[in-house]
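Those letters in the sequence shown? Residues 11 to 303, per my numbering, in order. Here a beta-carbon is modelled for each residue, glycine too, at the ideal position from N, C-alpha and C. Heads up, the thing below is written out as structure tokens.
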Amino acid sequence: MYSAMSPSPIAAASLGQVYKARLKYSEQLVAVKVQRPGIEDAIGRDFYLLRGLGFLINKYVDIITTDAVALIDEFARRVFQELNYVQEGQNARRFKKLYADKQDILVPDIFWDYTSAKVLTMEWIEGVKLNQQAAIEGQGLKVLDLVNIGIQCSLRQLLEYGYFHADPHPGNILATPEGKLAFLDFGMMSETPEDARVAIIGHVVHMVNRDYEAMARDYYALDFLKPEVDVSPIVPALKIFFDDALDSTVSELNFKTIVDGLGAVLYQYPFNGKSYFVLGIMRLHLNFAETVI
């Protein structure tokens with residue numbers, strides 16, 4: 011199967027380890043991601059205990075209005091998705107297809123004959139982590155060009171395709187010598203339906219127009235609140251935050267302002283668990299430039 015493999019991992023995380031290897035039949039370099047033995051059972055036990063804690067929080071901690079069990083269940087669902095490497099390979103294939111027309115985005119090919127639920131084999135990609143500015147410039151690349159590519163890609167993921175990388179930290183994205191951005195880890199992906207993407211854009215319009223009642227109603231379309239929840243108490247909180255934000259200069263107001271504002275409101279009202287993850291992912295994408303620079 012492999013004619014050679016690095017004796018120790020070149021990268022490691024809580025769920026698995028990555029080795030550099032060479033395919034026997036073609037001598038092509040590949041990255042082999044191997045799941046840690048017993049990790050699925052260990053995670054299952056952890057979430058069982060966390061869920062019990064969530065029940066206690068829901069029952070006895072009045073200041074937390076969000077359903078703690080629902081939040082833990084959503085987190086568990088996403089973590090267990092990461093444990094299926096066949097699904098991760100399918101995620102990579104879908105992402106690659108979406109960006110087939112973008113010459114500055116690179117997604118590795120998956121070698122399906124060498125992939126299973128616990129082992130993922132993909133094309134090896136040479137590159138530099140995005141937080142290694144000196145190394146990037148040493149390749150003759152401009153960091154701001156890469157930032158621009160990353161921001162455009164993030165916005166397309168969030169608002170155009172509705173299928174986005176849910177863990178875009180510098181270790182999962184490389185700058186290649188050719189000036190491309192290479193996405194590597196597709197274990198955690200997320201989707202936003204078209205009506206929610208339209209609602210996000212509408213949310214921006216309502217914010218600019220200071221229509222806070224409409225902003226509050228947007229949470230229904232975003233599936234952040236159940237239909238029976240009264241949004242009228244949320245309106246004053248939105249007004250307090252966004253009036254101050256909108257009085258800032260144009261250069262200080264950006265898409266990240268919206269996400270930060272929503273995050274501030276989240277902790278005060280009964281939003282569902284999904285909203286925390288969606289906003290957390292959006293914040294990761296919208297902090298892209300700050301992370302790189």
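- DSSP places I20 outside both helix and strand once states are collapsed to three, so it counts as coil.
- Around the CB of Y95, 16 or more other CB atoms lie within 10 Å, so the residue is classed as buried.
- Looking at the DSSP output, H213 sits in no beta bridge, so it has no partner there.
- Residue M199 holds the alpha-carbon nearest to the alpha-carbon of Q167 among M199, D119, G137, M132.
- Going by DSSP, M225 is part of the alpha helix (DSSP H) stretching over 222 to 231.
- A distance below 8 angstroms separates the beta carbons of T186 and G137.
- DSSP places I73 outside both helix and strand once states are collapsed to three, so it counts as coil.
- Leaving aside the five residues that flank A176 on each side, the residues in its chain whose CB is nearer than 6 angstroms to its CB run, in chain order, M198, M199, S200, I291.
- The beta carbon of E37 sits closer than 8 angstroms to the beta carbons of S13 from its chain, once the five residues preceding and following it are set aside; these are given in chain order.
- In this structure, A31 and V42 form a Cβ contact; the two beta carbons are roughly 5 angstroms apart against a cut-off of 8 angstroms.
- Partner residues in the beta bridge of G26, as assigned by DSSP, are Q45.
- Taking 8 angstroms as the cut-off, the beta carbon of A144 is found no closer than this to the beta carbon of I120.
- In chain order, N94, Y95, V96 place their CB closer than 7 angstroms to the CB of A127, counting only its own chain and leaving out the 5 sequence neighbours on each side.
- Per DSSP, the continuous alpha helix (DSSP H) segment holding Y95 begins and ends at 95 to 108.
- Nearest Cα to I82 within the set A226, K107, R220, D56: D56.
- Inclusion of L248 and A226 in the CB contact set at 8 angstroms is warranted, their separation being smaller than that value.
- Of the candidates M132, V153, L154, E223, the residue whose Cα lies closest to the Cα of Q100 is M132.
- As DSSP reads the structure, S200 sits in a beta bridge with F174.
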